[in-house]
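Read in this note's numbering, the sequence shown has 180 at position 177, and its numbers run on one by one without any break. No residue lacks a Cβ here, since even glycine has one placed at the ideal position from N, Cα and C. Treat the numbers as computed from the prediction; the structure is a model and nothing was measured. A quick write-up on the structure given underneath.
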Amino acid sequence: YRLFVNKDYIKSLIVSSFLLVFSVIFSLYSSAQNDILFSSTPVEDLFFSIIPILDLSLVFVTLEILLIILAFLYGIFIVPKKLPFALLAFSIFIGIRAVCISLTHIGVPVDYIYPSMGTGDFFFHNDLFFSGHTGGPFLVALILWQRKFWRYFLISISILMAFTVLAMRVHYSIDIIGAYFITYGIFKIAENIVHKTGFFVYSRDTSHP
4 YRLFVNKDYI KSLIVSSFLL VFSVIFSLYS SAQNDILFSS TPVEDLFFSI IPILDLSLVF
64 VTLEILLIIL AFLYGIFIVP KKLPFALLAF SIFIGIRAVC ISLTHIGVPV DYIYPSMGTG
124 DFFFHNDLFF SGHTGGPFLV ALILWQRKFW RYFLISISIL MAFTVLAMRV HYSIDIIGAY
184 FITYGIFKIA ENIVHKTGFF VYSRDTSHP
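What follows is the structure, given as structure tokens:
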């Protein structure tokens, strides 16, 4: 816990937290505007003819919440050195996704199942590209790549979420495929920012992808 009394660490934590909050606000605004202003025509998807329609709201909602809580606690108590970097990476992730949502206007699939777990009208409808449920766990896997158990566990969760959003017709397959490539690019961008600025406390692991 010495890190939490280190001035440089606290500064980097504050800046990365601010960036995360800003990106979340920007994302919420973009998603809300997209729902209000744009209503496009749905398109066909090859995977919809392969994967059956299933209501997996329990997985969609609860697993995401549990992962966020677990990742936050793990970052604070187990790998606090990586916390500023993780917050930076996710702020970029959320910000870029918000931009993509604003640019891409494709109607939700015809058989779209709205995630319902007593959350009311909490989720947006047209925030399709790219899938945050798929990319989020994959980004954490990249951050914790040298920890073998978590790497494979999080990649497995990412694949499960990919199946979930396709089965619920919440996303198209391009949203899933694109998520992996874009997320990896975001991870590398965050790494370059950290290494060039030297501001964020982050120990590079040679086993990183």
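In this structure, does DSSP put residue i in helix, strand or coil?
i: residue 67; result: helix
i: residue 137; result: helix
i: residue 200; result: helix
i: residue 81; result: coil
i: residue 26; result: helix
i: residue 117; result: coil
i: residue 8; result: helix
i: residue 167; result: helix
i: residue 194; result: helix
i: residue 189; result: helix
i: residue 45; result: coil
i: residue 112; result: coil
When every heavy atom of the ligand FAD is checked, does at least one fall within less than 7 Å of the C-beta of residue i?
i: residue 173; result: In terms of ligand content, the structure shown is empty, and the ligand FAD therefore cannot be addressed.
Below 8 Å on the Cβ atoms is my guess for residue i versus residue j; work out the distance and round it to an integer in Å.
i: residue 169; j: residue 50; result: 6 Å
i: residue 141; j: residue 161; result: 4 Å
Between residue i and residue j, what straight-line distance do the alpha-carbon atoms span, to the nearest angstrom?
i: residue 125; j: residue 118; result: Confidence at residue 125 is low in this model, with a pLDDT of 47, below 50, so the placement of that residue should be treated as unreliable; the coordinate-derived value is given next. Their Cα atoms are separated by approximately 9 Å.
i: residue 137; j: residue 157; result: 10 Å
i: residue 57; j: residue 7; result: 45 Å
i: residue 123; j: residue 174; result: Unreliable positioning characterises residue 123 in this predicted model, as indicated by a pLDDT of 47, which lies under 50. A coordinate reading is not provided.
i: residue 20; j: residue 155; result: 27 Å
| message | For the structure I just gave you, are there three or more beta carbon pairs, one from the region 32-47 and one from the region 137-156, closer than 8 Å? | response | Between the region 32-47 and the region 137-156 there are fewer than three inter-stretch CB-CB distances shorter than 8 Å, so the stretches are not counted as touching.
| request: Inspect the CB distances between the region 185-199 and the region 65-81 and report whether three or more fall short of 8 Å. | output: No contact exists between the region 185-199 and the region 65-81.
| query | Given 8 Å as the limit, is there contact between the region 109-116 and the region 129-141, that is, 3 or more CB pairs closer than that? | reply | The region 109-116 makes contact with the region 129-141: 3 or more CB pairs, one atom from each, lie closer than 8 Å.
| request: May I ask you to verify whether the region 84-92 touches the region 168-183, counting CB pairs closer than 8 Å and requiring at least 3? | output: The region 84-92 makes no contact with the region 168-183: fewer than 3 CB pairs, one atom from each, lie closer than 8 Å.
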